[in-house]
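The structure appears right after this line, and notes come after that.
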Amino acid sequence: MYKNQLLFPIIISLVIAGCSNAPSHIIGSQNRVVPFEEQLPDNHLLMVQFNKWSGTPYRLGGNSLNGVDCSAFVQEVYRSALGLALPRTTALQSERGRSIEYQQVKTGDLVFFKTSYKTRHVGIYLDNNRFMHASTSKGVIISRLDNPYWASAFWQIRRVNES
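Mind the numbering: the sequence shown is residues 1 to 163 in the UniProt record's numbering, read in order.
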């Protein structure tokens, strides 16, 4: 009993100390203090937008959280997360920026697909072969470029977020 009474305050002290907020994170061999902004992954601002839109149903011509199509989703994410204006349609978006080889893809690049003879689809590359988009069947989701469906429909990558 006495042992438990002694251990309890020690455990509580360790838990409280472990839960305290640290103002920075130390990395590297030089023990450099890294500002919070530098700790964020490249896709942080994009993921904030994804979390806002996740699960929003697909609606052709839609541009709100009640329903959105792929080009409106991309247009709004670029405006909100990156402060960049894009055209409203996939056709016009596919002409913006410059073409990028698949091996050079980076976070924020636009990925385009030919899903049928006349239909085009657009999403935003995140990382590790993942992209976010407004799927016609599942709404706003994250998919993989190496998924057989998307791999077979892949058309091009465009980089529009360069200075």
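Just so it is clear, CB atoms sit at the ideal spot from N, CA and C, and this is done for glycine as well. What you are looking at is a predicted structure, and each value in this text was computed from that prediction instead of being measured.
Please check the pair residue i and residue j, which I expect to be a contact at CB under 8 Å, by giving their CB distance rounded to whole angstroms.
i: residue 81; j: residue 49; result: 5 Å
i: residue 98; j: residue 158; result: 7 Å
i: residue 46; j: residue 132; result: 7 Å
Whole angstroms are fine: how far does the CA of residue j sit from the CA of residue i?
i: residue 125; j: residue 136; result: 18 Å
i: residue 161; j: residue 96; result: 10 Å
i: residue 109; j: residue 60; result: 23 Å
i: residue 151; j: residue 94; result: 18 Å
i: residue 106; j: residue 112; result: 14 Å
i: residue 129; j: residue 101; result: 14 Å
i: residue 51; j: residue 123; result: 15 Å
i: residue 53; j: residue 127; result: 18 Å
i: residue 148; j: residue 156; result: 16 Å
Does residue i come within less than 8 Å of chain D when only Cβ atoms are used?
i: residue 69; result: You won't find chain D in this structure, because it holds only one protein chain.
Within a Cβ cutoff of 8 Å, which residues of the same chain sit near residue i, ignoring the five residues on either side of it in sequence?
i: residue 44; result: none
i: residue 153; result: 113, 114, 115, 121
Skipping 5 residues on each side, what residues in its chain have a beta carbon closer than 6 Å to that of residue i?
i: residue 68; result: 56, 62, 134
Heavy atom of the ligand SAM less than 7 Å from the Cβ of residue i, yes or no?
i: residue 148; result: For the structure depicted, the ligand SAM is absent and the ligand set is empty, with no information on it obtainable.
Does the stretch 80 to 100 come within contact of the stretch 137 to 152, defined as at least 3 CB pairs closer than 8 Å?
-> Contact annotation: the stretch 80 to 100 does not touch the stretch 137 to 152, with fewer than three C-beta pairs closer than 8 Å.
Runs of beta strand (DSSP E) wholly within the UniProt domain "NlpC/P60" (40 to 161) (minimum 3 residues, chain order) = 98 to 100, 110 to 114, 120 to 127, 130 to 135, 139 to 144, 154 to 159
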